[in-house]
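Sequence positions in the sequence shown follow this note's numbering and run 34 to 247.
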Amino acid sequence: MRWIGLAILGLGGVAVLVRLGIWQLDRLEEKTAYIARIEAGIAAMPVPLPPAPTAEDEFLPVAVTGEVGDGALRFVHSANASGLVVPLATPEGRVLADLGLIAPDAMPDLAGAVLSVEGNLAFPQGDGEGLRPDAPNPWTQRNVAAMADLLDTRPVLVVARRVDPAPAGVRPFPITTDGIPNNHLGYAVQWFGMAAVWAGMAGLLGWRMMRRSV
Numbered sequence: 034m035r036w037i038g039l040a041i042l043g044l045g046g047v048a049v050l051v052r053l054g055i056w057q058l059d060r061l062e063e064k065t066a067y068i069a070r071i072e073a074g075i076a077a078m079p080v081p082l083p084p085a086p087t088a089e090d091e092f093l094p095v096a097v098t099g100e101v102g103d104g105a106l107r108f109v110h111s112a113n114a115s116g117l118v119v120p121l122a123t124p125e126g127r128v129l130a131d132l133g134l135i136a137p138d139a140m141p142d143l144a145g146a147v148l149s150v151e152g153n154l155a156f157p158q159g160d161g162e163g164l165r166p167d168a169p170n171p172w173t174q175r176n177v178a179a180m181a182d183l184l185d186t187r188p189v190l191v192v193a194r195r196v197d198p199a200p201a202g203v204r205p206f207p208i209t210t211d212g213i214p215n216n217h218l219g220y221a222v223q224w225f226g227m228a229a230v231w232a233g234m235a236g237l238l239g240w241r242m243m244r245r246s247v
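Okay, structure coming up:
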């Protein structure tokens, strides 16, 4: 009976751990394909803004031209830079444009400027923490719905990769895939390693049981 129990424990544990490793390899393939699709979209030629973009259009490259309205917003990017979001009145309607990074204590006066913006659609929602509608500068994060409501725009954000004419003191910070984690290969190696250790421990225990029975 002890041999049966050991076999069930050893083989069952190895099977579970190997299955988890295979699952991580499947996730690696899915995430790699997802990142490749994003990179292809980011690098594609910009198109006109869709009539009613949704979250399914995230990362779509677009080109818009419009007049900057009043009420630019800053959001915290790092200790050394803030992000600048402005309302942009375009023929397709008022939208939000993330023009890039500025100095933490800067707020360029761009109201009335006509800008052509090439970039990608983004729909960051944040979690609401730190948002202060009564005194929203600087925001702790981008929240498209809340910012659009405050600035009376459509809930659409274009993250600029190129702005013409380029506003002084503003550096575009375009969307990239650098911040998307893809650690599934490492996780798979860990699970397969644990399976090998489990098999080794079960084999060692079986060897000791065999010696005692001799």
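Glycine included, C-beta positions come from ideal geometry on N, C-alpha and C.
Bridge partner(s) assigned by DSSP for residue i
i, result
"Glu100", "Ala122 and Val147"
"Pro214", "Paired residues: none, contrary to the question."
"Arg107", "Leu117"
"Pro94", "Asn153"
"Pro81", "Ala96"
Spatial distance of residue i from residue j (CA atoms)
i, j, result
"Leu50", "Trp224", "6 Å"
"Ala179", "Leu190", "12 Å"
"Thr65", "Asn215", "7 Å"
"Arg60", "Ala146", "46 Å"
"Glu100", "Leu121", "5 Å"
"Leu53", "Thr173", "37 Å"
"Pro79", "Leu184", "25 Å"
"Leu237", "Ala48", "18 Å"
"Ala69", "Val118", "28 Å"
"Leu136", "Tyr220", "At residue 136 the sequence reads Ala, which differs from the Leu that was named. Roughly 39 Å separates the two Cα atoms."
"Ala201", "Asp90", "30 Å"
"Ala235", "His217", "27 Å"
"Ala193", "Leu44", "54 Å"
Of the residues the options, the one placed nearest residue i, counting alpha carbons only
i, options, result
"Ala144", "Ala181, Arg187 and Gly104", "Gly104"
"Gln57", "Val222, Arg127 and Met227", "Val222"
Could you tell me whether the stretch 101-108 touches the stretch 76-86, where touching means 3 or more Cβ pairs closer than 8 Å?
-> Between the stretch 101-108 and the stretch 76-86 there are fewer than three C-beta pairs closer than 8 Å, too few to call the two in contact.
Of all the beta strand (DSSP E) runs that stay within the bounds of the stretch 130-203, which reach a length of 3 or more residues?
-> Taken in chain order, the complete beta strand (DSSP E) segments of 3 residues or longer contained in the stretch 130-203 are 147-155 and 190-197.
Contact between the stretch 217-234 and the stretch 114-134 (3+ Cβ pairs under 8 Å) = The count of Cβ pairs closer than 8 Å, one atom from the stretch 217-234 and one from the stretch 114-134, stays below three, leaving the stretches out of contact.
Segment contact flag, the stretch 65-79 with the stretch 205-214, C-beta cutoff 8 Å, min 3 pairs | The stretch 65-79 is in contact with the stretch 205-214.
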